[in-house]
Structure formats: structure tokens, C-alpha cells
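Let me begin by presenting the structure, written as C-alpha cells, before commenting on it.
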Amino acid sequence: MHAVLDVVVDAYSHAADKVRAALTKLEDCVFSTSRVDHTEQIYSLKREVREFRDAVQPLVPVLQSLLTGPEADGHAHPPKVLPYFRDVADHLNRTDTEVRTLDQLLNSVLDAQQARVGTWQNDDMRRISAWAAIFAIPTMVAGVYGMNFEHMPELRWSFGYPLALALMAMASGLLYRAFRRNGWL
């Protein structure tokens, strides 16, 4: 019985190492400079860890009962096999702890990914707002001149139209330069 449990627990330990490697790779991707959303991969790995945890945790009390209680037929284990069961129980406890740690790390990676996505969205909104402000100036000037009032002094002036265009270009250029300097564009 010890040999079977040892093989199963060792397989769980190797599986935990593979999940740890996948998590490390995923962490590197999340914290890279690329703007790729890894949320789906994180949830997929979380699902694997949850299934893994569901497989590991039921064995912990079983091994504890093998160490402390009698077998089903009422006889206790011979004292010479107890160290082997303790060894398996120790490996299982380490694997159980590793699985719990992996789950917590995945939660942290997911939080970091969501924070990065939020930052990307904020950057995009900042750029959109900057461009909207740049285009608002010419729209406002064109709106004023498009009202068709009779008594606008600039209408009869020969430089009125070029002045309006120059005003639009200058104001838009100044806004563009200011947004560019502040990192919004």
C-alpha cells in the first residue's frame, strides 16, 4: 500500500512542478512589455490548479488516518512501515502546500493582469480625450463662423478667413504640443 501511495504522491509532486513552471512562464508574459491580455490563460491554469487541489486534498486525511488509526481489519500497522507512511504523508503535505501557494500566486497574477489592462484602458482613454480636445478647438471656431450673423466684423475683412484658419491651426498645434510633452500622445 505504501508503494502505491508513494507513486501517486510522487506523480502529484511532478505535476505541481509542471504547474509551477507554467505559472512562471505566465508571470513572465503578464509582466512583459507587450499589451496582450492573458486573462483566459490565467483562468485556464486556475481551473487546472483547482482540479489538482481537489485531487490532492482528500488524500491528506486518508494518510493521517493510516498513520494514527488502525486498518480496516482492526490491526494497527507494524511499526517498521510507519516511517514510510510518514515520508509519503510529508511529501503529500508539501504538495498540498505547493498547490495552495500556486492558487494564491495565480490570484496575484490575475490581479496584476487586471491592473495592467486597466492601465492600458486609461492610456487609451487619455489619448482619445487628447485628440477630442485638439479637434474641439477647430470645431468651436468653425461653429462660431458658421452661425451666419450679419454683423461679424471679420466677415468683411479680407484676412478674416485666413485668420480663422490660422487660429484653428495654432490652437490645435499648441494643444498637440502640450499633450505630446505630457505623454498623452
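Final position of the sequence shown in this note's numbering is 189; the numbers increase by one with none missing.
Using N, Cα and C, we set each Cβ at its ideal position, and we do this for glycine too.
Note that the coordinates shown come from a computational prediction; the quantities given were computed from them, not determined experimentally.
Near residue i, what residues of its chain come up, given a Cβ to Cβ distance below 8 Å and the 5 sequence neighbours on each side ignored?
{"i": "Ala20", "result": "Phe56, Thr99, Glu102, Val103, Leu106"}
{"i": "Phe89", "result": "His6, Leu9, Leu67, Leu70, Leu71, His81"}
{"i": "Val12", "result": "Leu63"}
Ignore the nearest five residues each way along the sequence and tell me which others in residue i's own chain have a CB closer than 6 Å to its CB.
{"i": "Arg24", "result": "none"}
{"i": "Glu31", "result": "Val113"}
{"i": "Asp94", "result": "none"}
What would DSSP say about residue i, mapped onto helix, strand or coil?
{"i": "Gln61", "result": "coil"}
{"i": "His18", "result": "helix"}
{"i": "Glu154", "result": "coil"}
{"i": "His42", "result": "coil"}
{"i": "Gly187", "result": "coil"}
{"i": "Met5", "result": "coil"}
{"i": "Met37", "result": "Here residue 37 turns out to be Thr, not Met, going by the sequence shown. Residue state, collapsed to three classes: coil."}
Going by beta carbon distance, what residues of the same chain come within less than 7 Å of residue i, once the five residues before and after it are set aside?
{"i": "Leu86", "result": "Leu71"}
{"i": "Trp188", "result": "Arg130, Arg131, Ala134"}
{"i": "Val121", "result": "Asp41"}
If residue i and residue j are in contact, beta carbons under 8 Å, what's the gap, nearest whole angstrom?
{"i": "Phe183", "j": "Ala134", "result": "4 Å"}
At which residue ranges does the segment 154-185 contain complete alpha helix (DSSP H) runs of 4 or more residues, listed in the order of the chain? 157-160, 164-185
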